[in-house]
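Visitor: Supplied in structure tokens, the structure appears directly below.
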Amino acid sequence: EPEVTQTPSHQVTQMGQEVILRCVPISNHLYFYWYRQILGQKVEFLVSFYNNEISEKSEIFDDQFSVERPDGSNFTLKIRSTKLEDSAMYFCASSETRDVYTGELFFGEGSRLTVL
Amino acid sequence: LAKTTQPISMDSYEGQEVNITCSHNNIATNDYITWYQQFPSQGPRFIIQGYKTKVTNEVASLFIPADRKSSTLSLPRVSLSDTAVYYCLVAYNNNDMRFGAGTRLTVKP
Numbered sequence: 822e823p824e825v826t827q828t829p830s831h832q833v834t835q836m837g838q839e840v841i842l843r844c845v846p847i848s849n850h851l852y853f854y855w856y857r858q859i860l861g862q863k864v865e866f867l868v869s870f871y872n873n874e875i876s877e878k879s880e881i882f883d884d885q886f887s888v889e890r891p892d893g894s895n896f897t898l899k900i901r902s903t904k905l906e907d908s909a910m911y912f913c914a915s916s917e918t919r920d921v922y923t924g925e926l927f928f929g930e931g932s933r934l935t936v937l
Numbered sequence: 226l227a228k229t230t231q232p233i234s235m236d237s238y239e240g241q242e243v244n245i246t247c248s249h250n251n252i253a254t255n256d257y258i259t260w261y262q263q264f265p266s267q268g269p270r271f272i273i274q275g276y277k278t279k280v281t282n283e284v285a286s287l288f289i290p291a292d293r294k295s296s297t298l299s300l301p302r303v304s305l306s307d308t309a310v311y312y313c314l315v316a317y318n319n320n321d322m323r324f325g326a327g328t329r330l331t332v333k334p
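Residue numbers (our numbering), protein chains in the order written: chain A, 822 to 937; chain B, 226 to 334.
Pasting the structure below:
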């Protein structure tokens with residue numbers, strides 16, 4: 822069964838450092854998403870991406886965050902200058918279509934980011 | 226965006242049927258109701274989706290009354306491995322998929 826893969830599974834970084842989280846969506850999917858989940862809290866939407874541009878972003882996705890699809894397979898989330906409160910599990914997801922009815926979201930296993 | 230309300234937690238025993246109800250009073254005409262399951266340290270996983278009446282698949286059933294202001298996820302004969310958080314989401318497109326707090330289901334032996 823095709824799956825969304827994420828790397829690294831766990832990254833520890835110092836406050837103020839840049840972090841890049843990588844995702845390989847399912848190959849025929851066109852829509853890509855990043856979510857995050859702080860330990861013990863709900864899954865929060867960060868950003869959606871289609872046709873090489875951001876479709877929508879939440880209030881969490883401020884100027885320190887960026888996303889790109891540098892090649893035909895990877896989808897990355899960059900955090901420019903990490904803060905303690907960025908410590909969370911970051912999930913990548915992809916879907917075939919934008920519509921909920923036809924486009925089930927497939928999530929990766931997540932990348933755990935720990936900021937010290 | 227439609228807001229959803231679910232019980233924070235539920236307990237059950239192996240072999241029982243579990244029903245988790247979600248309230249979504251301001252659901253829009255075009256919105257679909259989708260349920261996801263999340264195990265600890267894993268990404269959410271799609272369970273079932275519906276628009277109205279009843280939908281059934283190999284793992285669950287979804288009951289939606291005519292007014293669509295609520296929905297009930299039914300898990301038949303749960304096992305220990307069904308212990309997870311269950312999320313009810315209401316949206317028309319995936320950009321609107323906002324997760325609530327979910328219902329933490331604990332299945333006991």
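Every residue gets a Cβ at the ideal spot worked out from N, C-alpha and C, and that includes glycine.
Cβ closer than 9 Å: which chain A residues qualify as neighbours of Ala326 (chain B)?
Guide: Position 101 of the second sequence holds residue 326 (chain B). Within chain A, the residues near Ala326 (chain B) are Gln862, Lys863.
Visitor: Determine which residues of the stretch 906-933 of chain A have a Cβ less than 9 Å from any Cβ of chain B, and write them out in chain order.
Guide: Met910, Phe912, Cys913, Ala914, Ser916, Thr918, Arg919, Asp920, Val921, Tyr922, Gly924, Glu925, Leu926, Phe927, Phe928, Gly929, Glu930, Gly931, Arg933
Visitor: Quick one: using the 10 Å Cβ neighbour count with 16 as the cut-off for buried, is Asn318 (chain B) buried or exposed?
Guide: Position 93 of the second sequence, counted from the first residue, corresponds to residue 318 (chain B). When all chains shown are included, Asn318 (chain B) counts as buried.
Visitor: Restricting to Cα atoms, I'd like to know which of B:Glu242, B:Thr246, B:Met322 is closest to Val284 (chain B).
Guide: To locate residue 284 (chain B), count along the second sequence from 1; it is residue 59. The shortest C-alpha separation from Val284 (chain B) is found at B:Glu242.
Visitor: Which residue or residues does DSSP assign as beta-bridge partners of Leu867 (chain A)?
Guide: As a working note, residue 867 (chain A) is residue 46 in the first sequence. Bridge partners of Leu867 (chain A): none, in fact.
Visitor: Determine, for Glu874 (chain A), whether the minimum Cβ-Cβ distance to residues of chain B falls below 8 Å.
Guide: In the first sequence, counting from the first residue as 1, residue 874 (chain A) sits at position 53. Taking Cβ atoms only, chain B never reaches closer than 8 Å to Glu874 (chain A), which makes this a no.
Visitor: In chain order, which continuous runs of the beta strand (DSSP E) of length 3 or greater are located wholly inside the stretch 836-896 of chain A?
Guide: Scanning the stretch 836-896 of chain A from its first residue to its last, the whole beta strand (DSSP E) runs of 3-plus residues come out as 840-845, 852-858, 864-871, 874-878, 886-889.
Visitor: DSSP beta-bridge partners for Ser234 (chain B)?
Guide: Stepping through the second sequence from its first residue, residue 234 (chain B) is reached at position 9. Paired residue(s): B:Arg329.
Visitor: Give the residues from the stretch 827-845 of chain A that approach chain B closer than 7 Å (Cβ to any Cβ), ordered along the chain.
Guide: none
Visitor: Give a yes or no on whether the minimum CB-CB distance between Phe853 (chain A) and chain B is below 8 Å.
Guide: Here residue 853 (chain A) corresponds to residue number 32 of the first sequence, with the count starting at 1. With 8 Å as the cut-off, Phe853 (chain A) does not count as an interface residue toward chain B.
Visitor: Indicate the three-state DSSP secondary structure (helix, strand or coil) for Ser299 (chain B) in the structure shown.
Guide: Here residue 299 (chain B) refers to the residue found at position 74 of the second sequence. Note: Ser299 (chain B) maps to strand in three-state DSSP.
Visitor: By the criterion of Cβ-Cβ separation under 9 Å, what are the contact partners of Phe866 (chain A) in chain B?
Guide: Here residue 866 (chain A) corresponds to residue number 45 of the first sequence, with the count starting at 1. Near Phe866 (chain A) (Cβ distances below 9 Å), the residues of chain B are Asn320, Asp321, Met322, Arg323, Phe324.
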